[in-house]
Every structure is written in C-alpha cells, then in structure tokens.
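Numbering (my numbering), first residue to last: 1 to 125.
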C-alpha cells in the first residue's frame, strides 16, 4: 500500500481547526508562562513538518510550486487566527499568529534541510 504524503498535512490541519474552533480551550494550571504560545509553536512545527513531506514528493519544484508552499505557510496561520473572530470567547492574537508562523517555518525549514542532506547522502552511495 502506497503512503499518501498529503494525509499528515490534512490530519494536522483538521486537528488545528478543531482546536481553534473550541470556544474555551481548557488549559492546565501551571507555573509555565506562555504555555499557550508554546502549544501554538509546537502544533505548527508539526504542521510545517507535514508540509515538508508534500515538498519532498515534488522532485522538479517550479517557482509556482515554491511560491504556493510559501503562501500556504503564511496564509493558513493567518486565516486560522482570523477565523477566531467567529468563535465565541475567542479572539485572534498577533502573538499567537507569530508563534504559529514561526513554528510552521521552523518545522518546514529543519525537515527540508534534513531531507536535502539525506538525498545527497543517498545519491553519493
């Protein structure tokens, strides 16, 4: 059975949309400040990694493909934050968006670079 590289992106996107559509997300009592920002960063880091899987299947990456991936990485976190205007007891936050965007870029960049190294090592053998 062939693995679908789009499935992780779809699943993580659904999880993000479900979580950001809950009116009041319960948060644990903790002494860690900005726990919600860490959560934003981590979930979008995973989402960025999932996008890397799609990036890797495309061997001849055109400028349009690269631009599309870049636009998705910028726009999805933006729309995710803005859609919170529609959710009772939620509101968009620039700091949340910044954590979302930073996590996505970090997840994508790290795993894209690891993939390049892996491909170069495989080609040499």
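Yeah, the Cβ is synthetic: ideal placement off N, Cα and C, and Gly gets one too.
Just so we're clear, the structure is a prediction, and the values are computed from it rather than from any experiment.
- Residue environment: residue 73 is assigned as buried (16 or more neighbouring CB atoms within 10 Å of its CB, all protein chains considered).
- By the Cβ-count criterion, residue 49 is buried, with 16 or more other Cβ atoms from all chains shown falling within 10 Å of its own Cβ.
- Under the DSSP assignment, residue 40 falls in the alpha helix (DSSP H) whose first and last residues are 35-57.
- Annotation: the continuous alpha helix (DSSP H) that includes residue 71 extends over 63-82.
- Taking a cut-off of 8 Å for Cβ pairs, the segment 62-69 and the segment 85-101 do not touch, as fewer than three such pairs fall below it.
- Looking at 94, 56 and 47, the one whose alpha-carbon comes closest to that of residue 112 is 56.
- In this structure, residue 53 lies near residue 8, with their beta-carbon atoms less than 8 Å apart.
- Counting the other CB atoms within 10 Å of its CB gives residue 12 a total of 16 or more, which places it among the buried residues.
- Exclusion of the five residues before and after residue 101 leaves 77 as the residues of its chain whose Cβ lies within less than 6 Å of its Cβ.
- Judged by beta-carbon spacing, residue 89 lies beyond the 8 Å limit of residue 2, meaning their Cβ atoms are not closer than that value.
- Distance check between residue 98 and each of 41, 17, 30 and 65 places 41 closest, using alpha-carbon atoms only.
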